[in-house]
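Visitor:
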Amino acid sequence: MNDKVLVKLSKRMSLALRHAPDRFDLELDPAGWVRVTDLLDALRITRLQLDTVVKRDSKQRFALRRDPDGTEQIRANQGHSVPIDLGLVALPPPERLYHGTSAAALDSIRATGLHRARRHHVHLSADTDTARRVGARRAGGVVVLTVDAAAMARAGHQFYRSANGVWLTDTVPPDYLDI
Ligand code: HQG
34 MNDKVLVKLS
44 KRMSLALRHA
54 PDRFDLELDP
64 AGWVRVTDLL
74 DALRITRLQL
84 DTVVKRDSKQ
94 RFALRRDPDG
104 TEQIRANQGH
114 SVPIDLGLVA
124 LPPPERLYHG
134 TSAAALDSIR
144 ATGLHRARRH
154 HVHLSADTDT
164 ARRVGARRAG
174 GVVVLTVDAA
184 AMARAGHQFY
194 RSANGVWLTD
204 TVPPDYLDI
């Protein structure tokens, strides 16, 4: 499978598993899982295609598991806009985390902090390279903000880490941002 096809399939799987299962007549369980066979039917893709995306996806966006009766299931590791509960457990964060965004958003971020928009959480990266790549998806110059995660944790903010290593929190007030 070439990279272009891989990205296209990954985006379709993300759409179905994070944002618009209805559009594919899929029903996610409360933790976001669906049967692999249901997803294959809904997206009209083969098992080999699905396995290739799960294995090679650049951000390891998808997880497979077997439920207790042996049925294989799949879900997105993070990034949902539909109401599911990933069951993540709060963890102490590293001292600093990073957020890549566009220069155009800075005035608003300075005034009100980071908000989760349509997703469940604000997404933060453990390193600046990853944050830069996230910010580069936006038009305009990329800016990488440093988040004083240790101070946030001391003040009682909860942090979570998705199975693919993205740090998540509800909101980042401006006081904790180094812009
Ligand atoms: C911005 C991708 C103005 C925020 C990535 C971001 C990530 C504000 C945008 C994951 C703001 C939301 C998440 C404020 C936040 N004023 N703009 N007060 N607060 N913003 O896509 O972090 O490919 O929901 O900076 O790699 O860009 O989907 O969040 O630019 O991991 O797997 O509002 O999505 O992963 O955009 O990206 P998003 P994000 P996937």
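Heads up: the sequence shown is residues 34 to 212, going by my numbering.
Ideal Cβ positions, reconstructed from N, Cα and C, are used throughout, including at glycine.
What you are looking at is a predicted structure, and each value in this text was computed from that prediction instead of being measured.
Tell me the DSSP bridge mates of Ser-91?
Guide: For the purposes of this step, residue 91 is taken as the residue at position 58 of the sequence shown. Beta-bridge pairing links Ser-91 to no other residue.
Visitor: With a threshold of 8 Å between beta-carbons, can Lys-37 be considered close to chain C, or not?
Guide: Protein chains in the displayed structure number just one, and chain C is not present.
Visitor: Whose C-beta lies closer than 7 Å to the C-beta of Arg-45 among residues of the same chain, with five residues either side of it excluded?
Guide: Position 12 of the sequence shown, counted from the first residue, corresponds to residue 45. Around Arg-45: Leu-76.
Visitor: From the DSSP output, which residues share a beta bridge with Tyr-209?
Guide: Counted from its first residue, the sequence shown places residue 209 at position 176. For Tyr-209, which the question treats as bridged, DSSP gives no partner whatsoever.
Visitor: CB Val-141 to CB Val-175, shorter than 8 Å?
Guide: Taking the first residue of the sequence shown as 1, we reach residue 141 at position 108. Taking the first residue of the sequence shown as 1, we reach residue 175 at position 142. The residue asked about is misnamed: residue 141 is Ser in this sequence, not Val. The answer is no: Cβ separation not under 8 Å.
Visitor: Using the three-state DSSP reduction, which class does Val-199 fall into: helix, strand or coil?
Guide: To locate residue 199, count along the sequence shown from 1; it is residue 166. Val-199 falls in the coil class under three-state DSSP.
Visitor: Taking only runs of the alpha helix (DSSP H) that begin and end inside the segment 116 to 198, which ones reach a length of at least 4 residues, in chain order?
Guide: Whole alpha helix (DSSP H) segments, 4+ residues: 139 to 145, 161 to 168, 182 to 187.
Visitor: Give the single residue among Asp-58, Leu-73, Ser-91 whose Cα lies nearest to the Cα of Leu-39.
Guide: Within the sequence shown, residue 39 is the residue found at index 6, counting from 1. Per the Cα distances, Ser-91.
Visitor: What residue range does the beta strand (DSSP E) around Ala-53 cover?
Guide: In the sequence shown, the residue the question calls residue 53 occupies position 20. First-last for Ala-53: undefined, no H or E at that position.
Visitor: Near Arg-194, what residues of its chain come up, given a Cβ to Cβ distance below 6 Å and the 5 sequence neighbours on each side ignored?
Guide: For the purposes of this step, residue 194 is taken as the residue at position 161 of the sequence shown. Excluding sequence neighbours, Arg-194 sits near Leu-124, Trp-200.
Visitor: Taking the alpha-carbon of Arg-187 as reference, which of Arg-68, Gln-111, Arg-56, Arg-129 has the nearest alpha-carbon?
Guide: Within the sequence shown, the letter at position 154 stands for residue 187. Among Arg-68, Gln-111, Arg-56, Arg-129, the Cα nearest to that of Arg-187 belongs to Arg-129.
Visitor: Looking only at its own chain, which residues have a Cβ that is under 8 Å from the Cβ of Ala-169, when we skip the five neighbours before and after it?
Guide: As a working note, residue 169 is residue 136 in the sequence shown. Result list for Ala-169: Gly-133, Val-175, in chain order.
Visitor: Take Thr-222 and list the residues in its own chain whose beta-carbon comes closer than 8 Å to its own, dropping the five residues that flank it on each side.
Guide: This structure gives no information on residue 222, because the portion of the chain shown stretches from 34 to 212.
Visitor: Do the segment 45 to 58 and the segment 99 to 119 make contact, defined as three or more Cβ pairs closer than 8 Å?
Guide: Yes, since at least three Cβ pairs between the segment 45 to 58 and the segment 99 to 119 fall closer than 8 Å, the two stretches touch.
Visitor: Start and end of the alpha helix (DSSP H) containing Arg-45?
Guide: Within the sequence shown, numbered from 1, the residue matching residue 45 stands at position 12. Its alpha helix (DSSP H) spans residues 36 to 47.
Visitor: With DSSP run on the structure shown, which of helix, strand or coil describes Leu-97?
Guide: Within the sequence shown, numbered from 1, the residue matching residue 97 stands at position 64. Here Leu-97 sits in strand by DSSP.
Visitor: Which residues bound the alpha helix (DSSP H) around Ala-75?
Guide: Here the question's residue 75 lines up with position 42 in the sequence shown. 69 to 76 is the extent of the alpha helix (DSSP H) around Ala-75.
Visitor: Between Ile-117 and Ala-172, how many whole angstroms is the CB-CB distance? I'm expecting something under 8 Å.
Guide: Stepping through the sequence shown from its first residue, residue 117 is reached at position 84. Stepping through the sequence shown from its first residue, residue 172 is reached at position 139. Ile-117 to Ala-172, Cβ: 30 Å. No contact.
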